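Below you'll find the structure, written out as structure tokens, and then a few comments.
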Amino acid sequence: MRFLLAATAMAVVFGAAGTAQAQDSAISGRVDRLEREMRAVQRKVFPGGAGQTVEPQITPETSTTVPGMPSSSPLSDLTQRVTALEEQQRTLTGQVEQGQYRLRQLEDAFAAYKRLADNRLKALEDRSTATAALGGEDTTVPADTAGAVIRPPAPIGTRPSIPAPGAGTTPAAPKPTGTRAQQVAAIEKPATGDPAEDGYTYGFRLWQAKLYPEARRELETVATKYPTHRRASYSQNLLGRAYLDSGAPSLAAVAFYENYKKNPKGERAPDSLYYLAQALIKLKKPASEVCKVYTELDQLYGDKLSTEMKAGVAEGRASQKCK
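So the sequence shown is numbered by the working numbering: it starts at 624 and just counts up by one.
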């Protein structure tokens, strides 16, 4: 009986295998079903097992295809993967280059900010420690005057003097003594009814007394508040000299250049251009820039220069070896 059942099961398996060969698309499922049935029959025939089960002689073929792998050739697959990696590399390279460019921009911006902060700090320190005038020299050049014609200043000994405000009869300010507040209080503040004239006169007296921060405050107020008044040109020019005398040549140059540029017909425009040249020398600018300033001064204001200023320009040109 047992052999008969086993033979029957094997015949079924052989028949299934033959059918599978004829029907290639359904063989796998049918073989699985038949195997399950055969195992069920074996469990009935051999309840305890004990190695007495009969293994089928025909088994389904084992597929060598790895699930999920493409059916294309290995070379084609590798080519696609390499192409994808190259595209990712190009993307990463572009991102790195953009990051480096932005980093350079930030570094340049920080360096510019640091230079500006250092200049301002130095100007504040110079103002607080200045105790004496520098002989009335103007030694600063504005940072935004690259396109301006700049000429060398004349020697200190031939530098033109600055006229006193008003009719030229204003007495020299007394030498201040005592605390800072007492020194400022000792300077007489005029009250003629003309605020621009009074502000310039007061600023001039503070400048004479070497109270430069207070003088700059008054002079800047006049130049800003009364730009059309004749004393605006005087105030802006003297503002530059106050910066220069307190050891802040860069700020002085800005003041001189603005007076010359914004008010070229002002009475102190020639003086500002003259002192701007001296500022360039103090800043150790190239002689070519200084000579350009002197040339422009001669071309624009040659017939308006005083004898003393003309002599200063001539000596300045000679010292800078201007052609």
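Glycine residues also receive a C-beta, built at the ideal position from the N, C-alpha and C atoms.
The structure displayed is predicted, hence computed values, not measured ones.
Open item on the list: Quick check: what's the CA-CA separation for K848 versus A876?
Closed with: Taking the straight line joining both Cα atoms gives about 21 Å.
Task: G939 classed as buried or exposed, judged by whether at least 16 other C-beta atoms fall within 10 angstroms - done: Classification for G939: buried.
Task: Nearest-angstrom Cα separation, counted from L903 out to Y880 - done: 11 Å
TODO: Specify, as a first and last residue, the run of the alpha helix (DSSP H) that L862 falls within.
DONE: That run of the alpha helix (DSSP H) goes 853 to 868.
Open item on the list: My output table needs one value for T815: the three-state DSSP class, helix, strand or coil.
Closed with: coil
Open item on the list: Do S858 and Y823 count as a contact pair if the criterion is CB distance below 8 Å?
Closed with: yes
Task: Rounded separation between E837 and G826 - CA only - done: 7 Å
- [ ] To the nearest angstrom, report how far apart S895 and G722 are at their CA atoms.
- [x] Answer to the nearest angstrom: the Cα atoms are 46 Å apart.
Task: Backbone CA spacing between A878 and M932 [nearest angstrom] - done: 20 Å
Task: Own chain partners of P788 with C-beta closer than 8 Å, once the 5 adjacent residues on each side are dropped - done: With a pLDDT of 48 at P788, under the threshold of 50, the modelled position of this residue cannot be trusted; read the value that follows with caution. Cβ within range, chain order: E820, Y823, T824, F827, R854, Y857.
Open item on the list: Along the chain, where does the alpha helix (DSSP H) containing R940 start, and where does it finish?
Closed with: 930 to 943
Open item on the list: Taking CB distances under 8 Å as the criterion, tell me whether L726 reaches chain C.
Closed with: The structure shown contains no chain C, having only a single protein chain.
Task: Same chain, Cβ closer than 7 Å to L829, neighbours up to 5 away in sequence not counted - done: Within the same chain, L829 has close Cβ partners I810, E837, A838, E841.
TODO: Run the CB neighbour count on V913, radius 10 Å, all protein chains shown included, and call it buried at 16 or more, exposed below.
DONE: buried
Task: Whole-angstrom distance between A900 and A941, CA atom to CA atom - done: 13 Å
Task: Extent of the continuous alpha helix (DSSP H) to which Y898 belongs - done: 892 to 905
TODO: Assign L834 to one of three DSSP states: helix, strand, or coil.
DONE: coil
Task: Status (buried if at least 16 other CB within 10 Å, exposed otherwise) for K724 - done: Here residue 724 turns out to be Tyr, not Lys, going by the sequence shown. So Y724 ends up on the exposed side.
Open item on the list: What does the alpha-carbon distance come out to for the pair P697 and E709?
Closed with: 18 Å
TODO: For P872, name the three-state secondary structure that DSSP assigns.
DONE: helix
Task: Secondary structure of K884, DSSP reduced to three states - done: helix
Open item on the list: According to DSSP, simplified to helix, strand and coil, what is A732?
Closed with: helix
Task: Burial state of L920, where buried means 16 or more other Cβ atoms lie within 10 Å - done: buried
Open item on the list: Taking the alpha carbon of Q831 as the reference point, which residue from R803, A808, A865, H852 has its own alpha carbon closest?
Closed with: Nearest option by C-alpha distance: A865.
TODO: Classify R891 as buried or exposed, calling it buried when 16 or more other Cβ atoms lie within 10 Å of its own Cβ.
DONE: buried
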